[in-house]
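The opening residue of the sequence shown carries number 8 in the working numbering; numbering runs sequentially from there. Cβ atoms here follow ideal geometry from the backbone N, Cα and C, with glycine treated the same way. In this text, all values refer to a predicted model and were calculated from it rather than measured experimentally.
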Amino acid sequence: MIFITVVMVLFINRLSKERILSPKEMVANGAVMFSVPREISPLNLIDQNQQPFTESQFIGKWTLVFFGFTHCPDICPTTLSLFNQVSERLVDTPYAVDTQFLLVSLDPTRDTPEKMKPYVEYFNTDFIGVTGEFLSIHRFAKQLNVAFQKVVTDADTGEYTVDHGGNVALINPQGYYHGFYKPPLDLDRMTLTYKSVRADNL
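Below, the structure is given as structure tokens:
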């Protein structure tokens, strides 16, 4: 019993050593956290393993969410690479076990689960990629303040891309929209502000 108590004290002390930034400092480092987290409506999506993905998957986890698509030439792979680096920064911290990273496809026509699986797992095998019906994705994106639109690049062939924002949303373990990170995203700043959020929400 004494051993367990000592371990718990050391664990809490380690968490408390993380610096808690003021709201002004958070914004200066590209992070905006809401004073009152916002409720998210029920979700009905599907992950890269063809399993249902609902709002229940957020419970008990802190989730970093990015909206993109597998044909995205730049910002999407860059952001997922950043996610992997953040994940590596968290490996030796208590935050690693309850942090998850999520890519939501804005191009469900092309981004089937079979397409999403190798894409997200190329960056990290623990990453989650979800797709689904367009209206479900649109509602979710709107709730997290992510604007996007389809842009035809070749009228003859029907080729298109998807213009979208670069924000990363943060969902807390209660399943509420907790805040977001503004581009340009930076590894040091995102890690610093994420650890601050965690230390402030023990």
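Exercise for the section: Hey, could you find the ends of the beta strand (DSSP E) Arg117 is sitting in? Expected result: Where Arg117 is concerned, there is no enclosing beta strand (DSSP E), given that its DSSP letter is neither H nor E.
Handout entry: For His171, the first and last residue of its enclosing beta strand (DSSP E)
Key = 166-171
Handout entry: Distance CB(Asp206)-CB(Glu95) smaller than 7 Å
Key = Checking the displayed sequence, the identity of residue 206 turns out to be Ala instead of Asp. The answer is no: Cβ separation not under 7 Å.
Handout entry: Option nearest Ala38 by Cα separation, candidates Tyr188, Leu199, Phe90
Key = Tyr188
Practice task
Determine the direct distance from the alpha carbon of Ile82 to that of Asn20, and round the result to whole angstroms.
Solution key: Note that Asn20 scores a pLDDT of 47, beneath 50, so its modelled location is shaky; the value from the coordinates is reported in the next line. Going from the Cα of Asn20 to the Cα of Ile82 covers about 37 Å.
Problem - Residue of Tyr102, Asp170, Thr77 minimising C-alpha distance to Val137 - result: The candidate whose alpha carbon is nearest that of Val137 is Thr77.
Exercise for the section: Could you tell me whether the segment 163-182 touches the segment 120-134, using the rule of 3 or more Cβ pairs below 8 Å? Expected result: no
Problem - Bounding residues of the beta strand (DSSP E) (the contiguous stretch that carries Lys157) - result: 155-161
Exercise for the section: May I ask you to report which of helix, strand or coil DSSP gives Pro30? Expected result: Three-state result, Pro30: helix.
Handout entry: For Thr86 and Val169, believed in contact at Cβ under 8 Å, the rounded distance
Key = With 8 Å as the limit, Val169 and Thr86 do not qualify as a contact, their Cβ atoms being about 14 Å apart.
Problem - Buried versus exposed call for Val159 [16 or more other C-beta atoms within 10 Å across all chains shown] - result: Val159 should be labelled exposed.
Exercise for the section: Taking only the alpha-carbon atoms, compute the straight-line gap between Gln150 and Asp99 and give it to the nearest angstrom. Expected result: 33 Å
Problem - Buried or exposed (CB count within 10 angstroms, at least 16 for buried), Asn179 - result: Counting C-beta atoms within 10 angstroms of its own C-beta, Asn179 has 16 or more neighbours from the protein chains shown and is therefore classed as buried.
Exercise for the section: Would you mind reading off the limits of the alpha helix (DSSP H) that contains Asp195? Expected result: 194-206
Problem - Thr61: first and last residue of the uninterrupted alpha helix (DSSP H) it sits in - result: Element bounds for Thr61: n/a, residue is neither H nor E.
Handout entry: 8 Å Cβ shell around Phe155 - same chain, five flanking residues per side excluded
Key = Apart from sequence neighbours up to five positions away, the residues of its chain that approach Phe155 with a beta-carbon distance below 8 Å are Phe74, Leu113, Ala148, Val169, Asp170, His171, Gly172, ordered along the chain.
Handout entry: Three-way DSSP call (helix, strand, coil) for Thr138 in this model
Key = strand
Practice task
Would you kindly work out how many angstroms separate the C-alpha atoms of Val153 and Leu142, rounded to a whole number?
Solution key: A direct Cα-to-Cα measurement between Val153 and Leu142 gives close to 14 Å.
Problem - When Lys124, Asp133, Tyr167, Glu121 are compared against Val104, the one with the closest alpha-carbon - result: Asp133
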